[in-house]
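In our numbering, the protein residues as written are 89 to 419. Everything on this sheet refers to the single structure shown next.
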Ligand SMILES: NC(=O)c1ccc[n+]([C@@H]2O[C@H](COP(=O)([O-])OP(=O)(O)OC[C@H]3O[C@@H](n4cnc5c(N)ncnc54)[C@H](O)[C@@H]3O)[C@@H](O)[C@H]2O)c1
């Protein structure tokens, strides 16, 4: 019998790429569940689904009844469904709380009444962003640092609050109810087809509009950017390697670069010859971020392969071609 694998939120950026990887590298029976709020039923998605006979179960999973459309048994569930992004957190924090909490709680309760082998929950480096600035923990940062919300009233942190709930929820339901679970905390995953709300496509759009001088928001802040193919490999390893039950893994790269470096390199790729002007960034935006991936390296055999300049070049080229073919900017 083939393994049955469900990707909840599988039409989105990371979910689509995990689906593609599994379809091309494993002989699994794949199902994608999504409401297409963000994930797109575009040509790429439709081609993947058709070519590999992937089952699609469309619906809003904030409604517990939607889960009745799913089977009762899966070997693996990738839990990716979520409302994401700083813009959403700042503009609709109440919806982040409602939707993400409902998705987590409904999935946990569905797992309780179903036969599920293992669930992988996708969390975020935002869970410890406050820890670094408030307590000066070391960078690169390992998994065991305490999680911290610097300002509980700030809308930006609603996303991290829901991801902390998810980490605690999956780890504790799994222990009590007897299914396996693993948490991955992603660190700035990027690549083609990630929508237009992430920093990199946003830069492409701004350069194409001819912004001058080009504002460099948060030029001295640092991030480490993880190319999508590396993030997918790390995620599938976290799901499939033995000994990962109950563990949390930082998935990202240890190449820490400044936002200034990112923007200047992007500008070069976009053939920008104008001037730059440094400017302050979002309040609550962490000053430095870089994961320690020793645990993923030693326990999963995870090794990121795409350096940031290569990944960025591929991503910028993809977005330029996409827009030059007459496609529109979408969310
Ligand atoms: N991309 C990153 O750098 C990053 C970083 C940290 C964490 N994550 C987490 O990884 C996961 C995947 O992220 P992504 O970048 O692919 O985001 P994404 O927005 O592209 O994917 C999320 C998917 O969830 C779906 N979804 C939202 N609400 C739903 C609902 N009510 N019912 C069913 N489906 C619903 C969306 O339509 C979308 O396809 C998310 O949980 C996100 O929080 C991503």
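Quick reminder that beta carbons are idealized off the backbone N, C-alpha and C, glycines included.
If you measure from each CB to the nearest heavy atom of ligand 1, the residues under 5 angstroms come out as 97, 99, 100, 101, 102, 122, 123, 125, 126, 127, 148, 149, 150, 168, 169, 170, 172, 210, 212, 274 and 277.
In this model, residue 259 and residue 269 are separated by some 6 angstroms (Cα to Cα). Distance from the CA of residue 331 to the CA of residue 394, rounded to the nearest whole angstrom, comes to 26 angstroms.
In the displayed model, residue 146 falls within a strand according to three-state DSSP. Distance between residue 296 and residue 370, taken at the CA atoms: about 23 angstroms.
In the structure shown, residue 365 adopts extended strand secondary structure according to DSSP, grouped into three states.
Cβ-Cβ distances below 6 angstroms link residue 261 to 196 in the same chain, with the five nearest sequence neighbours on each side left out; the list follows chain order. Below 8 angstroms, too few C-beta pairs join the region 215-226 and the region 169-177 to call them touching: fewer than three. For residue 268, the enclosing beta strand (DSSP E) stretches over residues 268-274. DSSP places residue 383 in no beta strand (DSSP E) but in the uninterrupted alpha helix (DSSP H) bounded by 382-388.
In this structure, 406 is the residue among 212, 341 and 406 with its C-alpha nearest to the C-alpha of residue 283. Residue 355 sits in a helix when the DSSP states are folded into three classes. The criterion of a C-beta distance shorter than 7 angstroms is satisfied by residue 188 and residue 170. In this structure, residue 291 places its C-beta atom within 7 angstroms of the C-beta atom of residue 354. Fewer than three beta-carbon pairs drawn from the region 343-351 and the region 410-419 are found closer than 8 angstroms, and the two stretches are therefore not classed as touching. Rounded to whole angstroms, the Cβ separation of residue 316 and residue 277 is 6 angstroms, and the two are in contact under 8 angstroms. Counted as a single uninterrupted DSSP element, the alpha helix (DSSP H) harbouring residue 133 occupies residues 131-139. Annotated three-state conformation of residue 121 is strand, per DSSP.
Between the alpha carbons of residue 121 and residue 396 lies a distance of about 31 angstroms. Relative to the Cα of residue 235, the nearest Cα in the group 301, 222 and 302 belongs to 222.
The region 185-235 is shown to contain whole alpha helix (DSSP H) runs of 4 or more residues at 217-223, in chain order. Counted as a single uninterrupted DSSP element, the beta strand (DSSP E) harbouring residue 167 occupies residues 161-167. The straight-line gap separating the alpha-carbon atoms of residue 203 and residue 115 is approximately 21 angstroms.
Look at the region 285-329 and you find these whole runs of beta strand (DSSP E), each 3 residues long or longer: 302-305. Annotated as distal: residue 149 and residue 208, with beta-carbon spacing of 7 angstroms or more. For residue 174, the enclosing alpha helix (DSSP H) has its first and last residue at 174-179. Per DSSP, residue 265 is one residue of the alpha helix (DSSP H) stretching across 246-265.
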